[in-house]
Amino acid sequence: MSWFQKLKNGLGKTSAKVTGQLSSLLGRSKIDAASLEEVEDALIAADLGTQSAMRLAASMRKYKFDGPVTSESLAAALSDGITEILEPVAVPIVLRDDARPHVILLVGVNGSGKTTTAGKLAQQWRSEGKSVMLAAGDTFRAAAIEQLQIWGERTGTEVIAGSQGGDAAALAYTAIEKAAAAGTDVLIIDTAGRLQNRAELMDELAKIVRVIRKLDDTAPHDSIIVLDGTVGQNAISQVKAFREVADVTGLIVTKLDGSAKGGIVIALAEEFGIPVHAVGVGEGADDLQAFTARDFANALTGTSD
Amino acid sequence: MFDSLKDKLQDVFSGLAKRGALSEADVDAALREVRLALLDADVALPVVKSFIAKVRDGAVGSDVLKSVRPDQQVIKLVNDALTEVLGGDAAPLNISTNPPSVILMAGLQGSGKTTTAGKLALRLRSRERKKVMLASLDVTRPAAREQLRLLGEQAEVGVLPEVERETPGQIAKRALQAAKLQAYDVLILDTAGRISIDEALMAELRDIKKLTEPHEILLVADALTGQDAVNTAEAFHNAIGVTGIVLTRLDGDARGGAALSMRHITGCPIKLVGVGEKQDALEDFDPARMAGRILDMGDVVALVEKAAETIEADEAERIAKRMAKGQFDMNDFLAQIRQLQKMGGLGGLMGMLPGIGKMQKQIAAAGIDDSMIKRQEAIILSMTKKERVSVGLLNASRRKRIAAGSGTSVQEVNKVVKQYQDMSRMMKKLGGKSGAAAMKAMMGGGMPGMGGAGGGMPDMEALSKGMGKMPNMPGMPGGLMGGLPKGLPGLGGKPSGKKK
Ligand SMILES: Nc1nc2c(ncn2[C@@H]2O[C@H](COP(=O)(O)OP(=O)(O)OP(=O)(O)O)[C@@H](O)[C@H]2O)c(=O)[nH]1
Ligand SMILES: [Mg+2]
Chain A
31 MSWFQKLKNG
41 LGKTSAKVTG
51 QLSSLLGRSK
61 IDAASLEEVE
71 DALIAADLGT
81 QSAMRLAASM
91 RKYKFDGPVT
101 SESLAAALSD
111 GITEILEPVA
121 VPIVLRDDAR
131 PHVILLVGVN
141 GSGKTTTAGK
151 LAQQWRSEGK
161 SVMLAAGDTF
171 RAAAIEQLQI
181 WGERTGTEVI
191 AGSQGGDAAA
201 LAYTAIEKAA
211 AAGTDVLIID
221 TAGRLQNRAE
231 LMDELAKIVR
241 VIRKLDDTAP
251 HDSIIVLDGT
261 VGQNAISQVK
271 AFREVADVTG
281 LIVTKLDGSA
291 KGGIVIALAE
301 EFGIPVHAVG
311 VGEGADDLQA
321 FTARDFANAL
331 TGTSD
Chain B
224 MFDSLKDKLQ
234 DVFSGLAKRG
244 ALSEADVDAA
254 LREVRLALLD
264 ADVALPVVKS
274 FIAKVRDGAV
284 GSDVLKSVRP
294 DQQVIKLVND
304 ALTEVLGGDA
314 APLNISTNPP
324 SVILMAGLQG
334 SGKTTTAGKL
344 ALRLRSRERK
354 KVMLASLDVT
364 RPAAREQLRL
374 LGEQAEVGVL
384 PEVERETPGQ
394 IAKRALQAAK
404 LQAYDVLILD
414 TAGRISIDEA
424 LMAELRDIKK
434 LTEPHEILLV
444 ADALTGQDAV
454 NTAEAFHNAI
464 GVTGIVLTRL
474 DGDARGGAAL
484 SMRHITGCPI
494 KLVGVGEKQD
504 ALEDFDPARM
514 AGRILDMGDV
524 VALVEKAAET
534 IEADEAERIA
544 KRMAKGQFDM
554 NDFLAQIRQL
564 QKMGGLGGLM
574 GMLPGIGKMQ
584 KQIAAAGIDD
594 SMIKRQEAII
604 LSMTKKERVS
614 VGLLNASRRK
624 RIAAGSGTSV
634 QEVNKVVKQY
644 QDMSRMMKKL
654 GGKSGAAAMK
664 AMMGGGMPGM
674 GGAGGGMPDM
684 EALSKGMGKM
694 PNMPGMPGGL
704 MGGLPKGLPG
714 LGGKPSGKKK
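As given, the protein sequences belong to chains A and B, one line each in that order. Counting in the working numbering, the first sequence runs from 31 upward without gaps. Counting in the working numbering, the second sequence runs from 224 upward without gaps.
As C-alpha cells, this is what we get:
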C-alpha cells in the first residue's frame with residue numbers, strides 16, 4: 031500500500047466530511063457565507079485551528095471555480111490552497127557530504143514517536159547503503175534503551191547506549207566520538223520525551239545540544255521535532271519551545287495512519303514556516319514516508335489525484 | 224477632555240444590554256467568544272456545537288447578577304455548565320469485592336497506558352492496601368513488557384513473568400489464572416496501543432475483554448489530543464464499552480479540551496489524571512479546575528464570582544432598606560467604600576473588565592485611584608461614632624481634627640462630607656422607589672471613590688452623571704447601592720468560587 035493510500039485510509043473519515051457536509055453550496059458558482067462557515071468547520075475538525083481554518087476558508091471566496099461549485103471542485107480548490115501553503119515546507123532531510131557523522135537529534139514530547147522514528151530513519155538510510163548509528167539518549171524512561179536496541183537489531187544498526195539514569199549529554203558526546211572514529215555517515219540521537227513547559231527537562235535538552243556542539247559546532251545538522259499526528263493546538267507551543275531550546279530545524283509527524291488528520295501541520299507552516307520532512311504511517315520499519323504537499327492536501331480534503 | 228471621555232465611555236459600553244434577564248443577543252455575543260475559546264482548547268467541533276446549544280437554552284432569560292456585564296455572566300454560566308458536564312458523577316475506581324478485580328487499560332499508541340498502569344498499581348498498593356499484579360499484553364511495541372516489568376518493580380507490585388511467543392489473549396488467560404492462584408486483589412492489564420481504525424486490533428481488544436471480564440476498562444488519552452479525541456473515544460467505546468477515562472500529561476500546558484470531548488462522547492467519568500512522569504504523579508480528576516483550564520476565561524469568571532461573593536446579599540439588602548427609609552449615614556457610606564475595596568479596588572475591578580482600557584487611562588489622568596479610596600476611608604474612620612451618624616456635628620474645628628487624624632486635608636474632608644450629603648439627599652427623594660431605580664439615580668450622584676480630591680480636577684460629578692446615562696455601568700458600586708435581591712440570581716445561589 032502506498033503511503034498516500036495509507037494516509038488516505040486514515041483521513042478517509044475527514045475527507046468524507048469536508049466534501050459531504052457542504053451540500054448547501056452545491057450548484058452555486060460562488061461560495062456564500064453559510065457554506066463558508068461549513069468549510070471553516072470542516073477544516074477546524076481537521077485540526078487546522080480556528081485561525082488557519084478561517085483564513086483558508088476565506089480564501090475560497092476568491093477562488094475561481096469553472097462552473098457551479100460541486101463537492102469535488104470545492105475539495106480540489108481546498109487542496110490547491112493547502113498545497114500552496116505546504117509546498118514551501120515540504121523539504122526532505124538532506125545529508126551533508128562534509129559531515130561525518132551527519133548528526134540528527136530527535137526531540138519531542140512523551141510518546142510522540144521519537145524512538146520509533148529513529149528506527150525508521152535508520153532503516154531508510156541503511157537501505158540506501160549508508161552507514162548509520164543510533165544513540166540511546168533517552169536515559170530516563172524505563173526500558174527506553176532496550177526499545178532502541180531492538181530497533182537496532184531490526185535494522186542492523188549499531189546502538190550506542192549507556193545505562194538508565196546516566197547522563198544523556200555525555201552519551202551523545204560518546205556517540206559522536208564513536209561515529210566519527212568509525213567514519214559513520216549518519217548518527218541518529220534519540221532523546222527522552224519531555225513536555226515543553228518543564229523548564230528543568232528543557233534545560234537538560236539544551237545541555238545535550240551544547241555538548242554536541244563542543245565536538246562539532248555545525249551539529250546537530252538536523253534537529254527534528256517528532257509530533258504526534260493526533261496532537262491539537264498545543265503543537266504550536268511545542269514547536270515554539272523546542273525551537274528555542276534545541277534549534278529545531280524540521281519536523282516529522284507520526285501516526286497519520288490513524289483517524290487523526292494532522293491539519294496542525296498547516297497552522298505550523300503558516301506560523302513558523304518550519305520544514306516537514308516525513309510522516310509516520312505505521313509501526314513498521316518501513317512506515318516512514320517523504321512528505322509531499324499535494325499528496326497530503328489531497329488526502330486531507332479527499333481529492334483524488 | 225470631558226467630552227471625549229464621555230464619548231469614549233459611551234463607545235466602550237455601547238452595545239451592552241440592559242439589566243434584568245439575559246437576552247438572546249447577550250447570550251449569542253458571549254457564546255461566540257466561548258465557541259472560539261473551546262475550539263482553541265481543542266474541544267472537538269461536534270462537542271462544542273452541542274455543548275453551546277445546551278448552554279444557550281439555559282442561559283437565555285436567566286437573571287443577570289448586578290454589577291457584571293451580561294456577556295460576562297454568560298461566560299460564568301458556561302464555566303459552571305462545563306464543570307458540571309465534566310464531573311457530574313465523579314466516580315471512584317470500581318474495585319470488585321470478589322477478587323481479582325481486573326482493570327483493562329486501552330488507548331492509542333503513546334497515550335501513556337504503560338506509565339499509567341504503573342502509577343495505578345502503586346496507588347492501589349500504597350493507598351488502598353491492595354495486592355496488585357501487572358501484566359503486559361503488549362507484544363507489539365519493542366520492550367513494552369520490559370518497561371512494565373521495571374515499573375512494577377519500582378511500585379513493588381507483582382508482575383506477570385514474560386513468556387516468549389504468546390498472543391495477547393494467551394497472556395490475558397495466564398494472567399487471570401496467576402492472579403487467582405496467588406490471591407491478588409487487582410490485576411491490571413496493559414495493552415498495546417492501537418489506532419482506532421484498525422479493525423483487527425479492535426477485535427483483539429474485544430476478545431480480551433470477553434476473556435477477562437474487567438471491572439474497569441480505562442481509556443487512557445493524551446491531554447494534548449486535538450479534534451481526533453471524538454473519533455478515538457467513539458471507536459474505543461463502541462468496541463469495548465469504556466467505563467472510565469484517564470487523562471495523561473495534564474502537567475503540560477495544553478488546555479485539554481480532549482477531556483470534554485471524550486467525556487461527552489462516552490458519557491464516562493474521567494477518573495484519574497496523570498500529572499508527571501514519576502510514579503506518584505496520578506491524581507483524582509478535578510472538574511472545576513479542568514473547566515477553568517479549558518475555558519481559559521478565568522478573569523471573567525473570577526470577576527463574576529467575586530461580585531457574587533463579596534456583595535453579601537444581607538449587607539446589600541440592609542443598606543437598601545436604610546436607603547429607602549432615608550437612614551443612610553456615614554457608616555453606610557463607609558461600608559460601600561469597603562465593598563469596592565474588597566472587589567480589588569478600582570484597579571482590580573477595572574482590570575477584570577474587558578474593554579475598559581480606554582477608561583482606565585482617563586481615570587488615572589484624573590487622579591482617581593485606590594489611594595483616594597483609602598483616603599476617604601481614613602477620613603470616615605477618623606470621625607467619632609456620633610459624627611458618623613449625625614454629620615451635622617462636623618463644624619470647622621472638627622473637620623480640622625479629622626483632616627489631621629487621617630493625614631488628609633480639610634478640603635478632602637469637605638469633599639467627602641459633600642459627597643455624603645448629595646447622596647443622602649437623593650436617598651430621601653428616592654425613598655420607597657425600587658432598588659433598580661434608586662441605583663440608577665445613584666449613578667447620577669456621587670460615588671464613593673469617585674468624588675475627586677484636590678484642585679484642578681475635572682468635574683467628576685459630571686463624569687458620574689455621564690455614567691448615569693449609561694444603563695449598565697458594569698462592576699461599579701452602583702450595583703452595590705442598588706441592593707441585591709436575595710439569592711444572587713443567575714448564579715444558582717451558590718458561590719462556586721471556593722478554590723483550593
Ligand atoms: N500507528 C502508528 N504508531 C506509531 C507511529 N510512530 C510511533 N508509533 C507508536 O507510538 C508509540 C510511541 O512511540 P515511541 O517511538 O515509543 O515514542 P517516543 O516519542 O519515543 O516515546 P517516549 O520515549 O516514551 O517519549 C509506540 O507504540 C509506537 O509503536 C506511527 O507512525 N503510526
Ligand atoms: Mg522513546
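All residues carry an ideal CB built from backbone N, CA and C; glycine is no exception.
Residue i - DSSP class collapsed to helix/strand/coil
| i | result |
| --- | --- |
| Ser-419(B) | coil |
| Asp-593(B) | helix |
| Gly-284(B) | coil |
| Ser-613(B) | coil |
| Ile-266(A) | helix |
| Asp-522(B) | helix |
| Ala-450(B) | Per the sequence presented here, residue 450(B) reads as Gln, with Ala not at that position. Here Gln-450(B) sits in coil by DSSP. |
| His-132(A) | strand |
| Lys-544(B) | helix |
| Glu-188(A) | strand |
| Asp-233(A) | helix |
| Leu-257(A) | strand |
Residues of its chain near residue i, where Cβ-Cβ distance is below 8 Å and the 5 sequence neighbours each way are ignored
| i | result |
| --- | --- |
| Leu-178(A) | Thr-145, Ala-148, Gly-149, Leu-164, Ala-166, Asp-168, Val-189, Ala-191 and Asp-220 |
| Thr-260(A) | Lys-285, Gly-288 and Ala-290 |
Cβ neighbour criterion (16 or more within 10 Å) applied to residue i
| i | result |
| --- | --- |
| Arg-516(B) | buried |
| Val-139(A) | buried |
| Leu-151(A) | buried |
| Gly-332(A) | buried |
| Thr-607(B) | exposed |
| Pro-384(B) | exposed |
| Arg-368(B) | buried |
| Arg-417(B) | buried |
| Ala-406(B) | exposed |
| Ala-229(A) | exposed |
| Gln-644(B) | exposed |
| Ser-253(A) | buried |
Residue i vs residue j beta-carbon contact at 7 Å
| i | j | result |
| --- | --- | --- |
| Leu-470(B) | Lys-342(B) | no |
| Asn-302(B) | Ala-514(B) | yes |
| Thr-363(B) | Ala-511(B) | no |
| Val-271(B) | Leu-259(B) | no |
| Asp-552(B) | Val-612(B) | yes |
| Leu-357(B) | Gly-333(B) | no |
| Val-275(A) | Ala-236(A) | yes |
| Val-633(B) | Ile-602(B) | no |
| Arg-486(B) | Leu-309(B) | yes |
Under 9 Å from the C-beta of residue i: neighbouring residues of chain B
| i | result |
| --- | --- |
| Val-162(A) | Going along chain B, no residue has its Cβ under 9 Å from Val-162(A), so there is no contact; the nearest lies around 17 Å. |
| Gln-177(A) | Arg-364, Pro-365, Ala-366, Ala-367, Glu-369 and Gln-370 |
| Ala-241(A) | Correcting the residue identity first, residue 241(A) is Val in this sequence and not Ala. Under the 9 Å cutoff, chain B gives no residues; its nearest Cβ is about 22 Å from Val-241(A). |
Closer than 8 Å at the beta carbon, the chain B residues around residue i
| i | result |
| --- | --- |
| Leu-225(A) | Arg-472, Asp-474, Gly-475 and Asp-476 |
| Ala-383(A) | Beyond the ends of chain A as shown, which are 31 and 335, falls residue 383(A); an answer cannot be given. |
| Ile-180(A) | Pro-365 and Ala-366 |
Chain-ordered chain A contacts of residue i [CB-CB under 8 Å]
| i | result |
| --- | --- |
| Ser-632(B) | Here the premise fails: no neighbours, minimum Cβ distance about 51 Å. |
| Ser-334(B) | Gly-141 |
| Ile-418(B) | Gly-40, Lys-285, Asp-287, Gly-288 and Ser-289 |
Neighbourhood of residue i by C-beta distance below 7 Å, restricted to the same chain and skipping five residues each side
| i | result |
| --- | --- |
| Val-297(B) | Leu-245, Asp-249, Val-250, Ala-253, Leu-254 and Ala-282 |
| Ala-154(A) | A small correction: the amino acid at residue 154(A) is Gln; Ala does not occupy that position in the sequence shown. Leu-318. |
| Leu-316(B) | Glu-439 and Lys-494 |
6 Å CB neighbourhood of residue i in its chain, flanking five on each side removed
| i | result |
| --- | --- |
| Gln-450(B) | Ala-267 |
Within chain B, partners of residue i - CB distance below 7 Å
| i | result |
| --- | --- |
| Ile-294(A) | Gly-449 |
Interface residues of chain A facing residue i [CB-CB closer than 9 Å]
| i | result |
| --- | --- |
| Gly-381(B) | In chain order: nothing, as chain A lies at least about 17 Å away. |
7 Å Cβ cut-off: residues of chain E touching residue i
| i | result |
| --- | --- |
| Leu-262(B) | As a matter of chain content, chain E is missing from the structure shown, whose protein chains are A and B. |
Where residue i meets chain A, residues with beta-carbon distance less than 7 Å
| i | result |
| --- | --- |
| Asp-265(B) | Gly-262 and Gln-263 |
| Leu-792(B) | Outside the displayed range of chain B (224 to 723) lies residue 792(B), so it cannot be described from this structure. |
| Leu-374(B) | Ala-172 |
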